[in-house]
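Peer 1: Dropping a structure here in structure tokens format, bear with me for questions.
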Amino acid sequence: MKKKTIFGHWEASAIIMNLICTKIFLNFPRMAVEEGGTAAWIFAIYIAILAILGFTVIQKLYKPFEGKDLLDVAELAAGNIGRILVGFVILFCLGWGTVAYMRMFSENMKLISLTTSPLSYVELYFVVCLVTGAYFGIEALSRLHAFVVPVITVGFLLIMLGAVNYIDPGNLMPLLGNGLSAIFIKGAQKVSDYSEILVLFLLASFLKKYEVMKSTGYWSLVLASVFLVISVLVFSTVFPYPSSLEITIPIFHVARLIKLGRFFQRVESVFLFIWAASSLLYITVNFYLILFTFQKAFRLDYYKPLIIPLSIIVMSLSFLPSDFAEVVTYEVELFRSWSWVPAFVMPILLLILARRKHRKSAESGGNEPQDS
3 MKKKTIFGHW
13 EASAIIMNLI
23 CTKIFLNFPR
33 MAVEEGGTAA
43 WIFAIYIAIL
53 AILGFTVIQK
63 LYKPFEGKDL
73 LDVAELAAGN
83 IGRILVGFVI
93 LFCLGWGTVA
103 YMRMFSENMK
113 LISLTTSPLS
123 YVELYFVVCL
133 VTGAYFGIEA
143 LSRLHAFVVP
153 VITVGFLLIM
163 LGAVNYIDPG
173 NLMPLLGNGL
183 SAIFIKGAQK
193 VSDYSEILVL
203 FLLASFLKKY
213 EVMKSTGYWS
223 LVLASVFLVI
233 SVLVFSTVFP
243 YPSSLEITIP
253 IFHVARLIKL
263 GRFFQRVESV
273 FLFIWAASSL
283 LYITVNFYLI
293 LFTFQKAFRL
303 DYYKPLIIPL
313 SIIVMSLSFL
323 PSDFAEVVTY
333 EVELFRSWSW
343 VPAFVMPILL
353 LILARRKHRK
363 SAESGGNEPQ
373 DS
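Residue numbering for the sequence shown is 3 to 374, as defined by the numbering used here.
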């Protein structure tokens, strides 16, 4: 019998942190400025608190289902049809993230570095990486995250520290920016920026222990929140509002400003390295989880025969949007406005239904769900 893959707290935390924080290198700081204006940092803290509160509710409901992932919970709640329907929802979320981010990463890489290369050529690098990662599996990917994510973190913090000389606290005035309504009411739906926490509920079966899942969720959310808030603070203090709204790749432009002495310039090369590493990890683990979800939702014996066909589908779908602006519109205005529903609302409803069904089962002589 094949040994069940199990990995620890740090590996899972590294995966979730990277999935959430990758958007720092794309458009999160500018999106925060669009929502909050000069109070973008308050907006970033606010949605982080909402995400942590949402996870608190979910993890309390999750306690009786130790070692079971969200598809297992869906089956307990609504049988095979529940497992398949939830599988479709998760496949859509992961699929959109993989397709959209592959297109955005490739477009930005072409804009910054590979200016004369065809877009299909740039995307081919990503396809090779996600196919390779899928063949090696989640154990190899978790170990790779455990090693690479600290390197990405150090590179990011170096860029943030290097920008200190360019910070003007006056750019944070007026303090409430676009107003309380824009931040706390309209901005609440942007808790979707933490929707990658959904992946933790897929990894629950690899973590086995409830306490490991709980601590992983809190650590990854808190650390990711710190990095997101730092990126917004630095960006909004370096570039004054509203000129900051004109900048397409915020942290790259922050890195371009930095000059440390005569011989240490062009710090944006550090940005390119950590950005490429983060994006490759993001797409690769997302693609593996698409395969994992598909296999489990439809109870397939093997997922590897799906790797090549699905990778071709992902690459093909990434070319459907006519241009970069269209991808960003779908990502920011649609997906990032509503992905809080599958990430937070769906698990809560499933867990409540599963607990109710098993309570009735226990009352009629059944058993509470146990770790298998």
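Backbone N, C-alpha and C fix where the C-beta goes; we use that ideal spot for every residue, glycine too.
(1) Compare the C-alpha of residue 167 against each of 52, 192 and 261 and name the closest.
(2) Given a cut-off of 7 Å, decide if residue 208 and residue 8 are closer than it, judged by their beta-carbon atoms.
(3) Checking 7 Å against the spacing of the C-beta atoms, do residue 316 and residue 101 come in under that value?
(4) How many angstroms separate the CA atom of residue 122 from the CA atom of residue 320?
(5) Assuming residue 61 is part of the alpha helix (DSSP H), what are its boundary residues?
(6) Is DSSP giving residue 11 helix, strand or coil here?
(7) Between the C-alpha atoms of residue 48 and residue 15, what's the straight-line distance to the nearest angstrom?
(8) At a cut of 8 Å, does the stretch 328–339 reach the stretch 172–183 through at least three beta carbon pairs?
(9) What residue range is occupied by the uninterrupted alpha helix (DSSP H) comprising residue 31?
(10) Between the C-alpha atoms of residue 5 and residue 141, what's the straight-line distance to the nearest angstrom?
(11) Taking only the alpha-carbon atoms, compute the straight-line gap between residue 157 and residue 253 and give it to the nearest angstrom.
(12) CB-CB under 7 Å to residue 38, same chain, minus the five flanking residues each way: which ones, in chain order?
(13) Which residue wins for smallest C-alpha separation from residue 12, given the options 147, 236 and 251?
(14) Look up residue 180 in the DSSP assignment and say whether it is helix, strand or coil.
(15) When you compare the CB positions of residue 41 and residue 193, do they come within less than 7 Å of one another, or not?
(16) Rounded to whole angstroms, what is the Cα-Cα separation between residue 55 and residue 196?
(17) Assuming residue 112 is part of the alpha helix (DSSP H), what are its boundary residues?
(18) Would you kindly work out how many angstroms separate the C-alpha atoms of residue 220 and residue 131, rounded to a whole number?
(19) What are the boundary residues of the alpha helix (DSSP H) that residue 226 is part of?
(20) Please list, in chain order, all residues of the same chain as residue 86 whose beta carbon is under 8 Å from its beta carbon, the five residues on each side excluded.
(21) Give a yes or no on contact between the stretch 74–93 and the stretch 346–356, applying the rule of three or more CB pairs nearer than 8 Å.
(22) On the three-state DSSP scale, how would you describe residue 374?
(23) Please classify residue 205: does DSSP put it in a helix, a strand, or coil?
(24) If I'm right that residue 394 touches residue 32 with Cβ under 8 Å, what's the distance once you round it to whole angstroms?
(25) Give the straight-line distance between the Cα atoms of residue 231 and residue 163, rounded to the nearest whole angstrom.
(26) Using the Cβ count rule (16 or more neighbours within 10 Å means buried), how would you classify residue 368?
(27) How would you call residue 277, buried or exposed, if buried means at least 16 neighbouring beta carbons within 10 angstroms?
(28) How many angstroms separate the CA atom of residue 294 from the CA atom of residue 239?
(29) Does DSSP put residue 175 in a helix, a strand or coil?
(30) How many Å lie between residue 350 and residue 128 at the Cα?
(31) When the Cα atoms are used, what is the spatial distance from residue 216 to residue 20?
(32) Can the beta-carbon of residue 345 be found closer than 7 Å to that of residue 204?
(33) Distance check for residue 212 and residue 64, CA to CA, integer angstroms please.
(34) Of the choices 256, 114 and 242, whose alpha-carbon is the least far from that of residue 233?
(35) What three-state label does DSSP hand residue 359 in the structure shown?
Peer 2: In terms of the structure at hand:
(1) Nearest neighbour of residue 167 by Cα position, chosen from 52, 192 and 261, turns out to be 261.
(2) If you check the CB distance, residue 8 and residue 208 come in under 7 Å.
(3) Against a cut-off of 7 Å, the Cβ pair of residue 101 and residue 316 comes out as a contact.
(4) If I take the Cα positions, the gap works out to 10 Å.
(5) Membership of residue 61 in the alpha helix (DSSP H) is indicated by the continuous run 42–64.
(6) Helix.
(7) One Cα belongs to residue 48, the other to residue 15, and the distance between them is close to 22 Å.
(8) Short answer: they don't touch.
(9) Going by DSSP, residue 31 is part of the alpha helix (DSSP H) stretching over 30–38.
(10) Any answer about residue 5 is weak, because its pLDDT of 47 lies below 50 and its placement is not dependable; what the coordinates show is given next. Between residue 5 and residue 141, the C-alpha separation is close to 12 Å.
(11) For residue 157 and residue 253, the gap between their C-alpha atoms comes out near 12 Å.
(12) Closer than 7 Å at the Cβ level, and outside the excluded window around residue 38, lie 44, 45, 179, 180, 184, 185 and 189.
(13) Nearest C-alpha to residue 12: 147.
(14) Coil, per DSSP.
(15) Taking 7 Å as the Cβ cut-off, residue 41 and residue 193 do not qualify as a contacting pair.
(16) Distance between the alpha carbons of residue 55 and residue 196: 12 Å.
(17) Looking at the DSSP string, the run of the alpha helix (DSSP H) that includes residue 112 is 72–114.
(18) So the two alpha carbons sit approximately 29 Å from each other.
(19) 212–240 is the extent of the alpha helix (DSSP H) around residue 226.
(20) Closer than 8 Å at Cβ, skipping near neighbours: 299 and 300.
(21) By the Cβ rule, the stretch 74–93 counts as touching the stretch 346–356, because three or more pairs are nearer than 8 Å.
(22) In this prediction, residue 374 has a pLDDT of 37, which is less than 50 and means its spatial position is unreliable; nothing more can be read from the coordinates.
(23) It is coil, neither helix nor strand.
(24) A query on residue 394 cannot be resolved here, the shown segment of the chain reaching from 3 to 374 and no further.
(25) Annotation: residue 231 to residue 163 spans about 14 Å, alpha carbon to alpha carbon.
(26) Bear in mind that a pLDDT of 49 at residue 368, under 50, signals an unreliable position, so the model cannot answer this.
(27) Looking at its Cβ environment, which holds 16 or more other Cβ atoms inside 10 Å, residue 277 is buried.
(28) Answer to the nearest angstrom: the Cα atoms are 42 Å apart.
(29) Reduced to three states, the DSSP call for residue 175 is coil.
(30) Taking C-alpha positions only, residue 350 is separated from residue 128 by approximately 34 Å.
(31) Cα-Cα distance, rounded: 18 Å.
(32) No, Cβ-Cβ distance for residue 345 and residue 204 is not below 7 Å.
(33) Cα to Cα, the separation comes out at about 8 Å.
(34) Answer by Cα proximity: 256.
(35) Under the three-state reduction of DSSP, residue 359 is assigned to helix.
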